[in-house]
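Report on the following structure.
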Amino acid sequence: MSGSGELRPLKNPAPPMKGGMIDIVFNGRPRRIIGGVSLAQALSQAGTRVFARSLKYRRPRGPFCGQGQCAGCHVRLNGVPMVRSCLVEPRPGDRVVTEAGWPSTRYDLFAVMDWIFSGGMDTMRGFNRPLALRPAYLSLVRKFSGLGHLPDAAPAALPPPTAVAVDVLIIGGGTAGTAAAQLIRRQRPSTRLMVADRSRGEDNVVFLSPGDDGQFRSIVSSPRRSALLVSASKIIVATGTYDAGLPFRGSDLPGVFTGDGLVRLHSDPSVPLFQRLAIFGGNAHTLSLLDAWKERICLLASPWELAPEVRRRAQTLGIPVREGVAIASAEGRNWIRAVALVHRTTGQTESFRLDGLVLSHRDLPQVGLLFQAGARMHWRNGAAAYFPEINERCETSVPGVFAIGGVAGFCTEADSRESGERAALAILEGDGTLGLPIRDPQSGPALLDRRVHREGPCPMLDYQTDFLRVLGSKKVILCPCEDVTLQELERVVSDGWETSLEVAKRLTGVGMGLCQGRYCMPDAVLLLAALSGRPPSDIGFFTQRPPVWPLRIGDLAGGK
Amino acid sequence: MTSPQRSSYEVVIIGGGVIGLFTAHFLSQHMDPGKILVVDRGFATGGASGRNGGGVRQQWETRATIRLARESVEFYRRFGRDFGYNPWFRQGGYLFLAFTEEEVITLRRMETGVRSEGLPIRYLEPSSVLDVVPDLDVRSVRGATYLASDGVILPFPVVWGLLASLKERGVEVLYRTAVRAIDSDGHQVRAISTEGGRISTPKVVNAAGGWSREINLMAGVPTITHPTLHEILATEPLTPFLDPMVVTLSRGTYFSQTMRGEVVGGLTMDHSRSTRTGLYSSREFLVEMSKELNRLVPRLAEARILRAWSGYYDDSPDGLPLLGEDPKLGGFFHANGFGGHGFMLAPSATRRVAQMVLGQKTDLDPAWISPARFSKPGEARTVEGLSLG
Ligand SMILES: Cc1cc2nc3c(=O)[nH]c(=O)nc-3n(C[C@H](O)[C@H](O)[C@H](O)COP(=O)(O)OP(=O)(O)OC[C@H]3O[C@@H](n4cnc5c(N)ncnc54)[C@H](O)[C@@H]3O)c2cc1C
Numbered sequence: 001m002s003g004s005g006e007l008r009p010l011k012n013p014a015p016p017m018k019g020g021m022i023d024i025v026f027n028g029r030p031r032r033i034i035g036g037v038s039l040a041q042a043l044s045q046a047g048t049r050v051f052a053r054s055l056k057y058r059r060p061r062g063p064f065c066g067q068g069q070c071a072g073c074h075v076r077l078n079g080v081p082m083v084r085s086c087l088v089e090p091r092p093g094d095r096v097v098t099e100a101g102w103p104s105t106r107y108d109l110f111a112v113m114d115w116i117f118s119g120g121m122d123t124m125r126g127f128n129r130p131l132a133l134r135p136a137y138l139s140l141v142r143k144f145s146g147l148g149h150l151p152d153a154a155p156a157a158l159p160p161p162t163a164v165a166v167d168v169l170i171i172g173g174g175t176a177g178t179a180a181a182q183l184i185r186r187q188r189p190s191t192r193l194m195v196a197d198r199s200r201g202e203d204n205v206v207f208l209s210p211g212d213d214g215q216f217r218s219i220v221s222s223p224r225r226s227a228l229l230v231s232a233s234k235i236i237v238a239t240g241t242y243d244a245g246l247p248f249r250g251s252d253l254p255g256v257f258t259g260d261g262l263v264r265l266h267s268d269p270s271v272p273l274f275q276r277l278a279i280f281g282g283n284a285h286t287l288s289l290l291d292a293w294k295e296r297i298c299l300l301a302s303p304w305e306l307a308p309e310v311r312r313r314a315q316t317l318g319i320p321v322r323e324g325v326a327i328a329s330a331e332g333r334n335w336i337r338a339v340a341l342v343h344r345t346t347g348q349t350e351s352f353r354l355d356g357l358v359l360s361h362r363d364l365p366q367v368g369l370l371f372q373a374g375a376r377m378h379w380r381n382g383a384a385a386y387f388p389e390i391n392e393r394c395e396t397s398v399p400g401v402f403a404i405g406g407v408a409g410f411c412t413e414a415d416s417r418e419s420g421e422r423a424a425l426a427i428l429e430g431d432g433t434l435g436l437p438i439r440d441p442q443s444g445p446a447l448l449d450r451r452v453h454r455e456g457p458c459p460m461l462d463y464q465t466d467f468l469r470v471l472g473s474k475k476v477i478l479c480p481c482e483d484v485t486l487q488e489l490e491r492v493v494s495d496g497w498e499t500s501l502e503v504a505k506r507l508t509g510v511g512m513g514l515c516q517g518r519y520c521m522p523d524a525v526l527l528l529a530a531l532s533g534r535p536p537s538d539i540g541f542f543t544q545r546p547p548v549w550p551l552r553i554g555d556l557a558g559g560k
Numbered sequence: 001m002t003s004p005q006r007s008s009y010e011v012v013i014i015g016g017g018v019i020g021l022f023t024a025h026f027l028s029q030h031m032d033p034g035k036i037l038v039v040d041r042g043f044a045t046g047g048a049s050g051r052n053g054g055g056v057r058q059q060w061e062t063r064a065t066i067r068l069a070r071e072s073v074e075f076y077r078r079f080g081r082d083f084g085y086n087p088w089f090r091q092g093g094y095l096f097l098a099f100t101e102e103e104v105i106t107l108r109r110m111e112t113g114v115r116s117e118g119l120p121i122r123y124l125e126p127s128s129v130l131d132v133v134p135d136l137d138v139r140s141v142r143g144a145t146y147l148a149s150d151g152v153i154l155p156f157p158v159v160w161g162l163l164a165s166l167k168e169r170g171v172e173v174l175y176r177t178a179v180r181a182i183d184s185d186g187h188q189v190r191a192i193s194t195e196g197g198r199i200s201t202p203k204v205v206n207a208a209g210g211w212s213r214e215i216n217l218m219a220g221v222p223t224i225t226h227p228t229l230h231e232i233l234a235t236e237p238l239t240p241f242l243d244p245m246v247v248t249l250s251r252g253t254y255f256s257q258t259m260r261g262e263v264v265g266g267l268t269m270d271h272s273r274s275t276r277t278g279l280y281s282s283r284e285f286l287v288e289m290s291k292e293l294n295r296l297v298p299r300l301a302e303a304r305i306l307r308a309w310s311g312y313y314d315d316s317p318d319g320l321p322l323l324g325e326d327p328k329l330g331g332f333f334h335a336n337g338f339g340g341h342g343f344m345l346a347p348s349a350t351r352r353v354a355q356m357v358l359g360q361k362t363d364l365d366p367a368w369i370s371p372a373r374f375s376k377p378g379e380a381r382t383v384e385g386l387s388l389g
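Chains A and B are the protein sequences, given in the same order.
Each residue of the first sequence is one higher than the last, beginning at 1 in this note's numbering.
Each residue of the second sequence is one higher than the last, beginning at 1 in this note's numbering.
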């Protein structure tokens with residue numbers, strides 16, 4: 001019945017609609033949905049809005065990141081809990097259950113918790129007195145814990161993980177990773193090379209650590225088989241970037257997506273999921289979103305000035321543009337209905353009715369594996385994030401581990417490609433078989449200096465400082481996985497605790513949820529900095545714990 | 001790095017984990033709180049006190065440990081009310097599993113001792129084990145013991161509650177300040193040097209957990225304890241299905257379910273030959289722990305590991321802590337060597353440490369607990385056989 005075989009990888013994260021309909025059983029009732037797309041997309045298209053509920057306040061949750069790293073779209077699929085519906089394709093006869101809520105996920109009576117605790121629930125200091133009520137508090141709170149029931153059944157047999165030894169493991173097959181791979185293949189075809197790329201839902205490198213024997217250990221998981229235990233002499237991390245989240249009141253509502261999330265989830269505007277979509281920010285995905293959704297876009301807003309070509313494109317399409325604004329709040333019950341914008345200098349507010357909001361204001365490096373490998377990281381103001389320190393060979397502080405492309409702070413395709421080639425050359429040269437020089441082929445600033453800037457202005461910090469000014473006292477969910485509020489973060493500062501991210505994490509739970517901090521930590525750093533008046537680099541970071549994406553126990557447990 | 005407010009204190013406690021903070025708490029009830037200083041080189045919860053599994057059990061072989069643990073259980077039950085921070089101490093019991101006849105004998109012996117201390121421990125045949133944890137695979141289980149009042153606690157709120165209360169009482173706690181040296185005249189402690197300056201004090205408590213050995217080296221006393229790296233993991237939050245902490249005798253595998261629903265557990269790996277330094281998680285651990293979870297609760301094969309982390313145990317040769325004044329160096333007190341059990345013993349053990357620092361008598365047998373027990377080679381010592389993973 002259940003088992004890893006049931007989870008089909010997505011062939012193509014954003015295929016065109018094939019139109020074929022399939023029949024599944026959804027929450028116990030027959031349901032006809034489109035096939036050939038992700039389950040998340042198919043269910044959304046069939047009208048499912050609330051996929052899950054949050055732990056504390058039972059707030060509605062829906063698809064958000066489109067790449068299996070948020071707490072939005074998990075469902076029970078054929079008896080297996082917490083399957084990220086954005087990563088699997090539905091098959092006829094699938095049994096899909098949304099597990100949260102009573103009597104249903106969409107109409108959850110316990111959602112009154114959100115209202116009862118409209119000022120926030122203090123699980124750290126509350127529920128203490130009187131002593132006699134302690135057992136009752138414990139059993140009540142425990143009843144609400146967990147996001148899914150234990151799997152229906154144990155798998156019949158677990159194939160053991162497979163050990164693989166390679167010379168070079170390239171993690172990420174985007175521009176930079178592909179450039180590195182091509183050069184290595186061309187210059188030395190005998191190299192045992194593995195390129196693992198998770199964007200197709202498979203070959204997900206979830207673990208990386210130096211071993212005692214000079215080889216790196218890693219775990220590569222895939223929904224099709226048990227894990228690969230890869231050892232490699234050289235590692236090239238080319239994991240790229242992802243689009244950030246953003247806290248504001250209602251930011252956790254279904255209908256809010258990240259830019260790359262929407263691109264993966266709903267590429268095909270011929271499926272009319274939105275009538276009025278707003279885009280916030282002007283990053284790399286904005287142009288393609290504008291082109292894809294055209295007349296269904298009701299607004300392009302940005303925290304700062306847009307690139308001229310982005311602004312022009314929007315104007316050509318007749319889309320209203322607002323620059324220099326912050327999102328103060330979003331309205332809606334189970335789906336976003338409106339946003340309120342505040343102009344960052346004039347303070348003027350403006351409201352827009354809409355049924356979809358895309359956050360494309362900020363790219364963040366996918367650095368979890370680099371942290372785990374022990375690479376030295378430093379803060380870069382330009383992106384308000386931590387990046388690996390690298391030398392001119394693109395090697396990190398851990399010898400043998402290279403970082404290239406977006407994850408290393410390179411901003412353009414050309415630079416990413418070049419960084420990939422440098423790492424590849426450094427590896428090829430390392431064994432003396434090639435006499436290729438490492439050179440900087442272009443005139444002008446050297447490659448490393450063209451990364452996102454380290455010192456100087458930090459636009460995202462300025463944004464959060466402005467945002468704190470317009471923030472009312474209403475609950476803002478900073479961490480949608482664990483329902484941690486911005487107000488809890490404010491209390492870390494006002495109660496006089498050390499304002500480091502490590503302490504804030506353990507005081508509030510921020511960063512301890514399913515996304516491993518990907519969607520809350522970058523803003524938590526800035527907000528702590530803004531609230532305490534310290535520079536963001538002083539707030540520090542915490543290491544994303546391994547595995548960097550959740551790893552099925554059965555993938556490792558097979559065999560003797 | 002911060003500098004202390006004064007240049008001299010009556011007691012300086014090295015280490016701001018649960019052991020150091022609880023020691024300060026009990027001391028402050030009997031002396032001027034302003035004359036106590038806690039120094040720690042890291043941040044609060046950065047040591048083992050923020051990295052443990054939160055297991056609190058009273059099933060032990062040595063009587064004194066049973067008594068200490070029992071007192072801790074009572075203490076933690078009231079912690080939320082008394083300190084204002086809720087550690088969600090959930091008494092779902094501890095279930096010890098035996099897979100061999102030898103282990104059955106160990107459990108039977110332990111059961112007798114625990115019962116004679118008045119605790120309602122039960123010995124369970126494999127079939128009744130299923131009443132406690134229906135999802136366990138008991139096919140190779142030979143027997144088990146179960147004590148319902150054992151439980152699991154959330155570590156962070158204990159640390160925050162202690163810090164808040166110490167602040168209120170006026171005890172100075174300095175984080176991000178490392179102790180660099182301990183000065184003595186060879187017989188008696190005189191002062192410590194920290195990054196923030198020199199502090200004179202007649203009494204120092206070594207509550208540095210996994211770093212107690214380093215502090216002993218600074219003080220020039222024999223090193224008995226040593227750190228070992230232990231790994232632990234948590235799954236994605238699942239709806240409650242597991243009440244007790246489950247422990248296997250053979251490998252020291254343990255796992256329970258937190259109030260959030262995560263299955264949290266670990267087992268002992270041998271990292272002694274590893275060349276890696278610092279805290280890390282190993283691939284071997286993820287594999288071994290997955291096998292154990294799958295073997296014990298087969299349905300967990302379809303669940304997912306969310307995160308793994310590690311911390312140091314401060315191990316002692318006999319599985320029992322070192323509590324009290326050093327036999328060679330006057331004014332140098334030990335509160336370390338807790339292995340994987342310092343959290344559950346903290347409130348009761350440190351209450352005695354505070355008494356010893358204040359020169360009072362305690363109800364503990366020195367032969368069992370005193371650091372001097374290691375300076376008499378050849379003498380038979382009590383060993384705590386259930387000092388597991
Ligand atoms: C994975 C794991 C699981 C565990 N599970 C359990 C369990 O289930 N139940 C249980 O009871 N116990 C458990 N333990 C053990 C328990 O966590 C410890 O025994 C307990 O936390 C020890 O507290 P401590 O205050 O002595 O040490 P710590 O919390 O480690 O504090 C020691 C402090 O000393 C500081 N320090 C070190 N060197 C210096 C210096 N030179 N100057 C100043 N400060 C210094 C450190 O920064 C640190 O904060 C577990 C431990 C681990 C690692």
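Virtual Cβ for every residue (Gly too), placed ideally from N, Cα, C.
Model, not experiment: these values are computed from the prediction.
**Study point:** CB contact below 8 Å: A:Leu158 versus chain B
**Key:** At a cut-off of 8 Å between beta-carbon atoms, A:Leu158 makes contact with chain B.
Exercise for review: Pick out whichever of A:Arg249, A:Trp379, A:Asp212 and A:Pro303 has its Cα sitting closest to the Cα of A:Gly282.
Suggested key: Residue nearest to A:Gly282 within the set A:Arg249, A:Trp379, A:Asp212 and A:Pro303 is A:Pro303 (criterion: CA-CA distance).
Review point. In this structure, does DSSP put A:Ile297 in helix, strand or coil?
Key: DSSP places A:Ile297 in strand when its eight states are reduced to three.
Review point. So is the beta-carbon of A:Asp94 under 7 Å away from any non-hydrogen atom of ligand 1?
Key: No; taking the cut-off as 7 Å, the Cβ of A:Asp94 has no heavy atom of ligand 1 nearer than that.
Point to revise | Residues bridged to A:Val50 [DSSP beta-bridge criterion] | key: DSSP output for A:Val50 lists no bridge partner at all.
Check your understanding: Of all the beta strand (DSSP E) runs that stay within the bounds of the region 268–343 of chain B, which reach a length of 3 or more residues?
Key -> Segments of the beta strand (DSSP E) lying fully in the region 268–343 of chain B: 304–315, 322–325 and 332–336.
Point to revise | As assigned by DSSP and simplified to three states, the class of A:Met1 | key: Residue placement at A:Met1 is poorly supported in this model, since its pLDDT is 30, which falls under 50; the coordinates still yield a value, given next. Correct three-state label for A:Met1: coil.
Review point. Does any residue of chain A bring its CB to less than 8 Å from the CB of B:Val287?
Key: Yes, B:Val287 lies at the interface with chain A (some Cβ there is under 8 Å from its Cβ).
Review point. Any beta-carbon of chain B closer than 8 Å to the one on A:Ser443?
Key: Note that A:Ser443 scores a pLDDT of 43, beneath 50, so its modelled location is shaky; the value from the coordinates is reported in the next line. For A:Ser443, no CB of chain B lies under 8 Å from its own CB, so it is not counted at the interface with that chain.
Practice item. Please report how far the alpha carbon of B:Ile14 lies from the alpha carbon of A:Tyr463, in whole angstroms. Key: Straight-line Cα distance between these residues: approximately 41 Å.
**Study point:** Residues of its chain near B:Glu103, where Cβ-Cβ distance is below 6 Å and the 5 sequence neighbours each way are ignored
**Key:** Excluding residues within five positions, the ones whose Cβ falls inside 6 Å are Leu249.
Point to revise | Chain-order list of residues whose beta-carbon lies under 6 Å from that of B:Ser375 (same chain, five-residue window excluded) | key: Excluding positions up to five away in sequence, the list reads Pro327.
Exercise for review: Could you name the residues of the region 226–257 of chain B whose beta carbon sits closer than 7 Å to any beta carbon of chain A, in the order they occur along the chain?
Suggested key: Within the region 226–257 of chain B, the qualifying residues are Glu236, Pro237, Leu238, Thr239, Pro240 and Phe241.
Practice item. Closer than 6 Å by C-beta to A:Phe274: which residues in its own chain qualify, once you throw out the five before and the five after it? Chain order, please. Key: Excluding positions up to five away in sequence, the list reads Arg296, Asp355 and Gly356.
Check your understanding: Quick one: does the C-beta of A:Phe410 sit closer than 7 Å to a heavy atom of ligand 1?
Key -> Distances taken from the Cβ of A:Phe410 to the heavy atoms of ligand 1 include none shorter than 7 Å.
Exercise for review: Output the distance between the C-alpha atoms of A:Val50 and B:Gly265, rounded to the nearest integer angstrom.
Suggested key: Straight-line spacing of the CA atoms in A:Val50 and B:Gly265 works out to 32 Å.
Check your understanding: Going by other Cβ atoms of all chains shown within 10 Å of its Cβ, with 16 needed for buried, is A:Ser443 buried or exposed?
Key -> Only weak support is given to the placement of A:Ser443: the predicted model assigns it a pLDDT of 43, under 50, and the question is left unresolved by the model.
Point to revise | Whole beta strand (DSSP E) elements within the region 26–88 of chain B, 3-residue minimum | key: Fully enclosed beta strand (DSSP E) runs of 3 or longer: 36–39.
Review point. Beta carbon of B:Leu37, beta carbon of B:Tyr9: below 8 Å?
Key: Yes, Cβ-Cβ distance for B:Leu37 and B:Tyr9 is below 8 Å.
Review point. In whole angstroms, what is the alpha-carbon distance linking A:Ile539 and A:Cys515?
Key: Looking at the backbone, the Cα of A:Ile539 and that of A:Cys515 are separated by about 20 Å.
Exercise for review: Could you check if A:Glu6 is buried or exposed, using at least 16 other CB atoms within 10 Å of its CB as the buried criterion?
Suggested key: Any answer about A:Glu6 is weak, because its pLDDT of 32 lies below 50 and its placement is not dependable; what the coordinates show is given next. By the 10 Å Cβ count, A:Glu6 comes out buried.
**Study point:** Distance CB(A:Pro210)-CB(A:Gly318) smaller than 8 Å
**Key:** Against a cut-off of 8 Å, the Cβ pair of A:Gly318 and A:Pro210 comes out as no contact.
Practice item. Please name the residues in the region 292–312 of chain B whose beta-carbon is closer than 7 Å to at least one beta-carbon of chain A, in chain order. Key: Listed by position along the chain: Leu293, Asn294, Pro298, Arg299, Leu300, Ala301, Glu302, Ala303, Arg304, Ile305, Leu306, Arg307, Ala308 and Trp309.
Practice item. Verify the CB distance criterion: does B:Phe338 have a CB-CB separation below 8 Å to chain A? Key: For B:Phe338, not one C-beta of chain A is nearer than 8 Å to its own C-beta.
Check your understanding: Contact between the region 70–78 of chain A and the region 188–195 of chain A: three or more CB pairs below 8 Å?
Key -> The way I'd put it, the region 70–78 of chain A doesn't touch the region 188–195 of chain A; fewer than three beta-carbon pairs between them come closer than 8 Å.
Point to revise | Buried versus exposed, by CB contacts within 10 Å (16 or more), A:Gly533 | key: Label assigned to A:Gly533: exposed.
Practice item. Excluding the 5 residues preceding and the 5 following B:Val189 in the sequence, name in chain order all residues of the same chain whose CB lies nearer than 8 Å to its CB. Key: The beta carbon of B:Val189 sits closer than 8 Å to those of Ile182, Asp183, Thr201, Pro202, Lys203, Val204, Ala219, Leu329, Gly330, Gly331 and Phe332, all from its chain and outside the five residues before and after it, given in chain order.
Check your understanding: Closer than 8 Å, CB to CB, is B:Ala69 near chain E or not?
Key -> Of the protein chains in this structure, namely A and B, none is chain E.
Review point. For A:Ala14 and chain B, any beta-carbon pair shorter than 8 Å?
Key: Residue confidence is low: A:Ala14 scores 42 on pLDDT, short of 50, so the model does not pin down where it sits. No coordinate-derived value is stated.
Exercise for review: Determine, using beta carbons only, whether A:Glu488 comes closer than 8 Å to chain B.
Suggested key: Answer no: the Cβ-Cβ gap between A:Glu488 and chain B never drops below 8 Å.
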